[in-house]
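Participant:
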Amino acid sequence: MPKEEIVEGVPLELQALTLDELARACAVEPEWVVQRVRRGILIGAEGTTVETLQFTSVDLGRARRLAQLERDFDADEDLAALVVDLCDEVRRLKTRLRAAGVA
Amino acid sequence: MEYKDYYATLGVAKTASEDEIKKAYRKLVRKYHPDVSKEADADARTKELNEAYGVLGDAEKRAAYDSLGSGQYRAGQEFHPPPDWGGGFEGGSAEDFFADLFAHVGRQRGGRSQSFRMRGEDIHAVLEIGLQDAYSGAQREISLGRERNLKVSIPQGVTAGQQLRLSGQGQPGMNGAEAGDLYLEIAFQADDRYRVEGRDVYERVAIPPWSAALGGEREVATPSGRVTVTVPPNSQGGRKLRLKGRGIPASGNSGTAGDLYLILEIFAPPADTPERRALYEQMQREMGG
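So the protein lines, in turn, are chains A and B.
Numbering-wise (the working numbering), the first sequence opens with residue 1 and increments by one.
Numbering-wise (the working numbering), the second sequence opens with residue 1001 and increments by one.
1) If you measure from the beta carbon of ALA1094 of chain B to each beta carbon in chain A, is any gap under 9 Å?
2) Which whole-angstrom value is the C-beta distance of ARG1119 of chain B and ASN1175 of chain B, which I expect to be below 8 Å?
3) Relative to the alpha-carbon of ARG39 of chain A, which residue among A:LEU79, A:VAL90, A:LEU93 has its alpha-carbon at the smallest distance?
4) Quick one: using the 10 Å Cβ neighbour count with 16 as the cut-off for buried, is SER1224 of chain B buried or exposed?
5) So, with DSSP's three-state summary, where would you put ILE1266 of chain B?
6) I need the straight-line Cα distance from THR1009 of chain B to GLY61 of chain A, nearest angstrom please.
7) In terms of alpha-carbon separation, which member of B:GLU1060, B:ASP1200, B:TYR1135, B:GLN1156 lies closest to GLY1252 of chain B?
8) In chain order, what residues of the same chain have a beta carbon less than 6 Å from the beta carbon of ARG1045 of chain B, not counting five sequence neighbours either side?
9) Measuring only between beta-carbons, confirm whether LEU1164 of chain B sits less than 9 Å from chain A.
10) CB of LEU1028 of chain B to nearest heavy atom of the ligand FAD: below 8 Å?
11) Helix, strand or coil for ASN1175 of chain B, going by three-state DSSP, please let me know.
12) Helix, strand or coil: how does DSSP classify VAL1055 of chain B here?
13) Whole angstroms are fine: how far does the CA of GLY1258 of chain B sit from the CA of ALA1213 of chain B?
14) Take THR1228 of chain B and list the residues in its own chain whose beta-carbon comes closer than 6 Å to its own, dropping the five residues that flank it on each side.
15) Check each candidate in B:ARG1199, B:LYS1151, B:LEU1127, B:GLY1011 and name the one with the smallest Cα separation from VAL7 of chain A.
16) List, in chain order, every chain A residue whose beta-carbon is nearer than 8 Å to that of ARG1193 of chain B.
17) Under 9 Å between beta-carbons, which chain B residues line up against PRO11 of chain A? List them in chain order, please.
18) Flag this pair as yes or no: are the beta carbons of ARG1199 of chain B and THR1256 of chain B separated by less than 9 Å?
19) List the DSSP bridge partners of LYS1240 of chain B.
20) Roughly how many whole angstroms lie between the Cα atoms of ARG1242 of chain B and GLU1020 of chain B?
21) Compute the Euclidean distance between the alpha carbons of ARG65 of chain A and ASP88 of chain A, then round it to the nearest angstrom.
22) So, does the CB of ASN1234 of chain B fall closer than 9 Å to a CB anywhere in chain A?
23) If you measure from the beta carbon of ASP72 of chain A to each beta carbon in chain B, is any gap under 9 Å?
24) Find the residues of chain A that neighbour TYR1202 of chain B, judging by a C-beta separation of less than 8 Å, and give them in chain order.
25) Taking only beta-carbon positions, decide if GLN15 of chain A is within less than 9 Å of chain B.
26) Comparing the C-beta of ILE41 of chain A with each C-beta of chain B, is any distance below 9 Å?
27) Which residue from A:ALA67, A:ALA25, A:VAL84, A:ALA100 puts its Cα closest to that of VAL1036 of chain B?
28) If we cut at 9 Å on Cβ distances, does GLN1169 of chain B have a partner in chain A?
29) I need the boundaries of the beta strand (DSSP E) containing ALA1206 of chain B, first residue and last residue.
30) Per the DSSP calculation, SER1211 of chain B is bridged to which residue(s)?
Below, the structure is given as structure tokens:
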């Protein structure tokens, strides 16, 4: 019989990630995150310096998609950010179309 | 357990070069990207492609995969792992086995040095829940490979896209290093009744023409239970009734609950009896149109 544990999932909005934790979760170096924060591609919150920023769900989801696009397509970081923004907009519009009964 | 042919998934030969594998992946992942593809199985295909490329695009994982006997098995064929694969796989699922592929690669890497310590990899997955689960919190059982099931406690107030962190529940570390973390991204199961934006929930409510014209109280089933709402007189279709704080609850002690918006839709009962038809004809005579 498989061993079963009960584990509480903690939303990142209640327990944000540090710079190092975000980098690890995205399988990138911390410097990769720092560069994208400095270029405004990633935002973070509550830190007084880039190194002390806190990252929540939106940052993790966005950073992982950016990293995958850059890795899989050898994409420039600004181009990857543009693709992620466009995909988000497509999803938002599709949701509204479904809600309106059009799609 | 069934064998998964990653080479077939990417449509390349087993002798394909790294460059050929990358090109094949890029072409297919663009074709099946869920945001642009019209294919019905785009989501599933994208997952398969990512899984295949995650292995074949990594030299060490590809070597470990090839050592399983990719020349001997076809996709879907009953798979028997080699005797030196750690044993104990009988009765396991394909998911168990392929999850352990990565652990096997880790053991290979760890074999370079007895003192080499490496933290376990983080695991990322999507967890689909119902909207009601976000209102009340829930528990879900997930499988993390053989002999390891987790019952995950999902707190009240989660929203779509939110990431739950389960510390130390990722891949085990090597030589005593700490385990990675498990991240679960929350997604809501499709439900035609509701549209969710952040913590605000939009629900369509069908009312007959006389309720719209005369107003009155109506009982409505909402994600947090049945409520009685007052429909204002002379309401038109599309009117929104806001129920403050009845959207997705706040998470923990921070933030505020969302609102529930009831969107009125007016439906006309069919004129399928002489009495109903007479009523509609009377309305037509007296109200015109």
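Each residue gets a CB set at the ideal place from its N, CA and C atoms; glycine is no exception.
Facilitator: Working from what's here:
1) In this prediction, ALA1094 of chain B scores a pLDDT of 45, lower than 50, which makes its location untrustworthy; the coordinate-derived value is nonetheless stated afterwards. Put simply, the CB of ALA1094 of chain B is far from chain A, with every gap to its CB atoms at 9 Å or more.
2) Cβ atoms of ARG1119 of chain B and ASN1175 of chain B stay farther apart than 8 Å, at about 11 Å.
3) Minimum Cα distance to ARG39 of chain A is reached at A:LEU79.
4) SER1224 of chain B should be labelled buried.
5) It is a strand residue.
6) When rounded, the distance between both Cα atoms is 26 Å.
7) Nearest to GLY1252 of chain B by C-alpha distance, out of B:GLU1060, B:ASP1200, B:TYR1135, B:GLN1156, is B:GLN1156.
8) Cβ neighbours of ARG1045 of chain B within its own chain (closer than 6 Å, five residues either side excluded): TYR1032.
9) By this cut-off, LEU1164 of chain B is an interface position.
10) In the structure on display, the ligand FAD does not appear, and there are no ligands present to speak of.
11) The DSSP-derived three-state label of ASN1175 of chain B is coil.
12) Helix at VAL1055 of chain B.
13) Cα to Cα, ALA1213 of chain B sits roughly 29 Å from GLY1258 of chain B.
14) GLU1217, GLU1219.
15) Selected option, being the one with the closest Cα: B:LYS1151.
16) The contacting residues do not exist; ARG1193 of chain B stays about 11 Å from chain A at best.
17) In chain order: PRO1155, GLY1157, VAL1158, THR1159, GLN1162, GLN1163, LEU1164, ARG1165, ILE1186, SER1251, GLY1252.
18) Taking the C-beta atoms as reference points, THR1256 of chain B is found nearer than 9 Å to ARG1199 of chain B.
19) DSSP, once it has assigned bridges, lists B:ILE1263 as partnering LYS1240 of chain B.
20) The alpha-carbon atoms of ARG1242 of chain B and GLU1020 of chain B are separated by roughly 56 Å.
21) Note on geometry: alpha-carbon atoms of ARG65 of chain A and ASP88 of chain A lie some 11 Å from one another.
22) No - not a single Cβ of chain A is within 9 Å of the one on ASN1234 of chain B.
23) Among the residues facing chain B, ASP72 of chain A is included, as its CB has a counterpart in that chain under 9 Å away.
24) In chain order: ALA99.
25) Yes, GLN15 of chain A counts as interfacial toward chain B.
26) Chain B has no Cβ within less than 9 Å of the Cβ of ILE41 of chain A.
27) Closest option to VAL1036 of chain B, Cα to Cα, is A:VAL84.
28) Output row for GLN1169 of chain B: interface = yes.
29) ALA1206 of chain B: member of the beta strand (DSSP E) spanning 1200-1207, first to last residue.
30) DSSP links SER1211 of chain B through a beta bridge to no other residue.
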